[in-house]
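4 protein chains.
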Amino acid sequence: MYAGPGVKTSKDFPIPDTMKAWVLGNPGELKLAQKPVPVPKRAEVLVRMPFNKNFTPGHEYMGTVAALGPGVDEYKIGQRVTVEIHAGCGQCKRCREGMYTSCHNYGLNYGDVDKGHRANGFTTDGGFCEYQVNNINTLVAIPDTMSDEEATLVVTAGTAMYGLTELGGLVAGESVVVTGPGPIGLLGVAVAKAMGAQPVILTGTRDNRLKIGRELGADHVINVRNENVVEAVKRLNAGKGVDYVVECSGAPNAVNEAIYMVNRGGKVCLAAFPHAETPVDVAHIVRNNIYLYGIRGEGKSATHRAEAFMSQKRFDATKIHTHTFALDDLPTAIRYAKERIDDAIKVVVKARGVAAHQVAAE
Amino acid sequence: MYAGPGVKTSKDFPIPDTMKAWVLGNPGELKLAQKPVPVPKRAEVLVRMPFNKNFTPGHEYMGTVAALGPGVDEYKIGQRVTVEIHAGCGQCKRCREGMYTSCHNYGLNYGDVDKGHRANGFTTDGGFCEYQVNNINTLVAIPDTMSDEEATLVVTAGTAMYGLTELGGLVAGESVVVTGPGPIGLLGVAVAKAMGAQPVILTGTRDNRLKIGRELGADHVINVRNENVVEAVKRLNAGKGVDYVVECSGAPNAVNEAIYMVNRGGKVCLAAFPHAETPVDVAHIVRNNIYLYGIRGEGKSATHRAEAFMSQKRFDATKIHTHTFALDDLPTAIRYAKERIDDAIKVVVKARGVAAHQVAAE
Amino acid sequence: MYAGPGVKTSKDFPIPDTMKAWVLGNPGELKLAQKPVPVPKRAEVLVRMPFNKNFTPGHEYMGTVAALGPGVDEYKIGQRVTVEIHAGCGQCKRCREGMYTSCHNYGLNYGDVDKGHRANGFTTDGGFCEYQVNNINTLVAIPDTMSDEEATLVVTAGTAMYGLTELGGLVAGESVVVTGPGPIGLLGVAVAKAMGAQPVILTGTRDNRLKIGRELGADHVINVRNENVVEAVKRLNAGKGVDYVVECSGAPNAVNEAIYMVNRGGKVCLAAFPHAETPVDVAHIVRNNIYLYGIRGEGKSATHRAEAFMSQKRFDATKIHTHTFALDDLPTAIRYAKERIDDAIKVVVKARGVAAHQVAAE
Amino acid sequence: MYAGPGVKTSKDFPIPDTMKAWVLGNPGELKLAQKPVPVPKRAEVLVRMPFNKNFTPGHEYMGTVAALGPGVDEYKIGQRVTVEIHAGCGQCKRCREGMYTSCHNYGLNYGDVDKGHRANGFTTDGGFCEYQVNNINTLVAIPDTMSDEEATLVVTAGTAMYGLTELGGLVAGESVVVTGPGPIGLLGVAVAKAMGAQPVILTGTRDNRLKIGRELGADHVINVRNENVVEAVKRLNAGKGVDYVVECSGAPNAVNEAIYMVNRGGKVCLAAFPHAETPVDVAHIVRNNIYLYGIRGEGKSATHRAEAFMSQKRFDATKIHTHTFALDDLPTAIRYAKERIDDAIKVVVKARGVAAHQVAAE
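From first to last, the protein sequence lines stand for chains G, A, D and Z. Under the working numbering, the first sequence has 122 at position 122, and the numbering climbs by one with no breaks. Here the working numbering = 1-based position in the second sequence + 362. Here the working numbering = 1-based position in the third sequence + 724. Here the working numbering = 1-based position in the fourth sequence + 1086.
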């Protein structure tokens, strides 16, 4: 019988003792197994996944609240939620500043050194299972009008929103370049436009992706294979550099191009990971008072702001949801996402047609 | 007879029609010549230099107010002042934000395209003469208790202060590394300590400079020739990275070392100009939410804050004033500063024993 | 022949020597007179008004650029522009910080003490005439798709935008109450909603105004004559206080109601002028870490952000434009606005069907 | 035998099962009783008080770490620490922003609704006992060079520091008025001066207190009984208003005086609780773009910044420590503090000459 000290459950929402879960086996191996359903502690809830999962790169998932840890009354059993990735330890210098994604106890959540930090799917168990415990700080309530698939994209939009937050956040009427039309870049375009940026310029190498960028709000797109991207940006912006660049490509020349695109005093958000050290024109940064920020995932509650825009239908994030697979097809789903088969962008895994909207009768 | 429309002068402070001024001749040539004394316009004053000049790298000078442009009542004739370098145009996007050192009309102050921007000694005539016109935005009043020599160092300290301002400004009890014991680095140590930073660590290659850093407040110094600087910083900081790095060395590996020294969410101010592109571990910046800012000179009124600390004797900036030369010895002075002859740090040129403290009898 | 030193005009845009202008006579008297057309100086342009004017309370106007002062190339003759009110002196402490609406030389723009500050229609001549000189800092270019009438409302929306800017600016998903459905309050609702606030609640006494608030995006409206407004706000917000209040009513109890409505750590923007001192529960402010900001008009380039939202058709500001009168009917127009005759909100005066869209052939 | 799950103790630091503790009895009654020593949980430590206590108004105390809750390695047994008051819940909107003193779960730390918020001595047991459990977020390590008595004043200075933090924090060279020479006001003077403010002006009614203010760094003092305080401030500040006011008096006219003292765009921190509603000239706030912030105690890690200044001996907080009493004399101590007997400012209770400096031999 599923239970834990101080844990609330609902008879309308029965919880099994074990669940299906994909587990890591040998290197590169992923096996479907049976695992105990985890039990929530203080400030935690148990979320039941209708098993939606986006793989690359966010490890995002959504689900329905299934049980409440002691003292939790912020959420109700049966409520639909999506998750952001990071819960800070709450004790370190950065968490005390509200910078929970920069937690100084990052990854310290094992045994004796459990500092309470969690990065879902990275340092703690993620969403490849039927039930998962989540700190309430990582939950975002979603309305009935938002589909399960769209909900899995909230944290992706939240990452883009965090980038714009770190860039100052007041982008209405400001010029923004997004480099790289991956999921974060494409939703970066959508979020920047929703916030009133003008113009929003998207750069990339794949015309089909740039086309989706246009549908999500890009005023201009530049295929970097066809023209010099720095010159093209300046031409589209009356010869001046732009105010902000959100770098989502990870290309080797991306940082230099970004700092040549922004105007004096402009800001660059680095949201992608290049594979190697890249040469940077530091003197240009100094001479032009340029600001650069690295962001790892979402932060500063940006996911909540992204969800607000999405639930108000300011942009249609589902344009980047391209495929859905059944639970048993997980390996196929991963392959589609990794190899961009059939132009895959975001691939969702969905199992069991359980009504996620079921209202709790507490 | 020296005069101009709306210009106020004082009979106690007679102004000649011409003055001595060093002028650029052939490439690398500097000639002492006779030039007309310039006339101040709206929001400008004429400053008479007791011909103090620091050459490397700030083009800093101080003097006495000699005439007032139309509408100026913020300063009095005879008042001692030092100058910061940049006056923004006041009209561009950045100036409207208070970011006058990031003026989008940088250097546009010639003839038809005079947008009003001035960078003293860079884009407009500097201090190698007896009189110079200055926008009142670039002036900082100094007390009688501050010597002429010390006054020329205010803008150097102001640049360090601006670096700390951009890093957030609240550094009491925070850990700060300053890399590179040049004038800005050394005063960066002094300013960080005056603001309560703890510990303040200075890194460099020259022991005599590091010694001065200690005198100015460094809790620890590291000679990078003797040990791995990243390891040494972490050892001195209980294994954690530091909160802030002010990079004043321009060394090729400086940016990477800086980002390896700061902790997650930490901030790096880039205040030096490397000669070439430098390889940067961008993925480390992204993974650790690190912030980098380039600063070109002083800004955000930091020079006024630096002056406040200096006039309150919180640190002794004159420790970096090493030599004084007469006006006619300018080429020698420049040579001392450039080639660091006799361990020169800041070299002052001073001409004519005119009382700079003379009180205006208006 | 209209001319001035360094002034550029266009033969396609002939400028007369004199113009019609309403001038103040005896107390309360407004007379239509003939005045010389003013001549622009550095950083100024001459704007030809198609004589649109909103009276209450903003002294807002729009027009077409008719001549350029020396050095101005940011605007073209014939370009349509709307104006914000304040141009700071550019020299004081606040202007150096980018806080030009808090200029310490406010109103000092006469004769010998001309510090360059301008508040159009307050401390300098405003828009009740055919031509007026404006500092380029006060101009906002508008697209052809925006009507003259809508353009006069940009600065009103800009004031609301400034309020939200001072409150932090990141309001997507945050709860906002706007108190008082006057022009600034109504556009405050529109701007808050455009920025993604949720819910946006409007309070007031007049149902017809509250209805317009709903059309502009209010999720809820409260008629304060019918219920306790603090209780109603909390009921609409799940018992918690809201994150932000923008106080636009000037009612005697408005400040206390605002601080009781916001949650701990919440922020209140005061944008209206009560007629007398009001009793304030200061201990409640202290105990709950509440922030209050007074704003006088627009600031921090908020007008540009408001224009960006309006030109992108995020909300329809013309819903608050209720009446248009001919130039000769100015006194009637003023009466309508003052006495709210026929539910007047924003009343526009428009003279001479001159094409404001005329393109300059320089 | 003192123990708890996961709790670490040291044999060099034996902990009894019970301790002396003052407990509330009938209204107004305080009784010395015997209570169990509390046991620390996750992120908590047990602090042994050498029974120092400041009563008015901060409920501040210091002590020595006696036991560690599970997972705590930030502090060592035997380490001397002082405490700040507030530990936020870590889950609410404000805590996620780093605003832990504005926790939306303030006071919710009882039984079923235990959200983890603690305000030591207010909503949870305070320091009137021999041992107390503290969240590690409320601890500040102190050096051996700081006496027990001085350590109890860290949080008082931290509150003043928080006020200046909310005012912007960069006060070097800025003008500051502190109104009300109570403990927070006096240390407000010291902190403002340590940060380089100039001039720092203290106002009050008691000359002996104003004298202490001078010793702590006030450049000027004003006895409000002798002159018009607003006029006096302006006279001392060249006719201009000051940049910041920290209101620590709670006087009925204090808010209006504060807003008349600051210049346009200036900031006022409200740190005292008036007994009743006070009339406020709201129109003046609006017309002059004035900012007001209420602060309840310390916040934003300001206590750590205050400790840094104090451990670096930038000011001598012990000037406000006037009396020390033995544990059994608590009622007398309280009476001295409350009734300001013998000019009492901060009164410390200290029991048992236990070496607080004892080093843990783990």
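Beta carbons are placed, not taken as given, at the ideal position from N, Cα and C, and that holds for glycine.
The contact set of Z/Gln1398 on chain A, defined by CB atoms closer than 7 Å, consists of Gly558 and Gln560 in chain order.
With its beta carbon at least 8 Å from every one in chain Z, D/His810 lies outside the interface. In the three-state scheme derived from DSSP, where H, G and I count as helix and E and B as strand, D/Thr869 is classed as coil.
Spatial neighbours of G/Lys234 in its own chain (CB-CB distance under 8 Å, excluding positions within 5 residues in sequence) are listed in chain order as Lys240, Gly241 and Met261. Setting aside the 5 residues that flank it on each side, A/Asp704 is surrounded in the same chain by Thr684, His685 and Tyr698, each with a C-beta closer than 8 Å to its C-beta; the list follows chain order. The beta-carbon distance between G/Cys248 and G/Gly180, rounded to whole angstroms, is 4 Å. This is short enough to meet the 8 Å contact definition.
The distance from the Cβ of D/Phe737 to that of D/Ile801 is about 5 Å, consistent with a contact at the 8 Å cut-off.
Here A/Thr426 carries a strand assignment [DSSP, helix/strand/coil].
Annotation: G/Pro183 has no Cβ neighbours in chain A at a cutoff of 9 Å; minimum Cβ distance is about 16 Å.
By the neighbour-count definition (other C-beta atoms within 10 Å, threshold 16), Z/Pro1122 is an exposed residue. Taking a beta-carbon distance threshold of 8 Å, G/Arg296 does not count as an interface residue toward chain Z. Bounds of the alpha helix (DSSP H) holding G/Ile259 are Ala254 to Met261. Following the DSSP letters along the chain, one finds A/Met381 inside the beta strand (DSSP E) bounded by residues Thr380 to Leu386. For Z/Ala1394, the residues of chain A that pass the 7 Å Cβ criterion are Ala534, Gly535, Gly558 and Gln560, in the order they occur in the chain.
Taking the beta carbon of G/Pro274 as reference, the chain A residues within 8 Å of it are Val644 and Ala645, listed in sequence order. At a cut-off of 8 Å between beta carbons, D/Arg820 contacts chain A. Going by DSSP, D/Glu971 is part of the beta strand (DSSP E) stretching over Val966 to Glu971.
A direct Cα-Cα distance of roughly 10 Å separates A/Asn497 from A/Ala481. Within chain A, the C-beta atoms nearer than 9 Å to that of G/Ala271 come from Val648, in chain order. By the criterion of a C-beta distance shorter than 6 Å, G/Val347 is surrounded in its chain by His323, Ala333, Tyr336 and Ala337, once the five residues flanking it on both sides are discounted.
For the set D/Ile983, D/Asn833 and D/Tyr785, the Cα lying nearest the Cα of A/Val434 is the one of D/Asn833. Neighbourhood of Z/Thr1364 in chain D, by CB distance below 8 Å: Pro1003, Val1004 and Val1006, in chain order. When Cβ pairs closer than 8 Å are counted between the two stretches, the segment 870 to 878 of chain D is seen to touch the segment 802 to 810 of chain D, the count reaching three or more.
Beyond the five residues adjoining it in sequence on each side, Z/His1190 comes within less than 7 Å, by CB distance, of Cys1178, Lys1179 and Arg1180 in the same chain, given in chain order.
If you check each beta-carbon in the segment 830 to 856 of chain D against every beta-carbon of chain A, the ones closer than 8 Å belong to Asp836, Val837, Asp838, Lys839 and Gly840.
Within chain A, the residues placing a beta-carbon under 8 Å from that of D/Tyr824 are Arg458, ordered along the chain. Counting only residues of its own chain and dropping the five nearest sequence neighbours on each side, G/Trp22 has a CB closer than 8 Å to the CB of Leu30, Lys31, Leu32, Ala33, Phe128, Cys129 and Leu330. Pairwise C-beta distances place the segment 220 to 232 of chain G out of contact with the segment 618 to 637 of chain A, as fewer than three of them are shorter than 8 Å.
In this structure, the alpha-carbon of Z/Cys1175 lies about 9 Å from that of Z/Arg1182. Under the Cβ distance rule, G/Asn137 counts among the residues neighbouring chain Z, one pair being separated by less than 8 Å.
Rounded to the nearest whole angstrom, the C-alpha separation of D/Asn861 and D/Ala1007 is 41 Å. Listed along chain A are Gly535, each with a C-beta nearer than 7 Å to that of Z/His1390.
In this structure, the straight-line span from the alpha carbon of Z/Val1286 to that of G/Val245 is close to 43 Å. Counting along the chain, G/Lys211 sits inside the alpha helix (DSSP H) bounded by residues Asp207 to Glu215. Boundaries of the alpha helix (DSSP H) around A/Thr694: Leu692 to Glu701. Residue range Val878 to Glu890 is occupied by the alpha helix (DSSP H) that includes D/Glu890.
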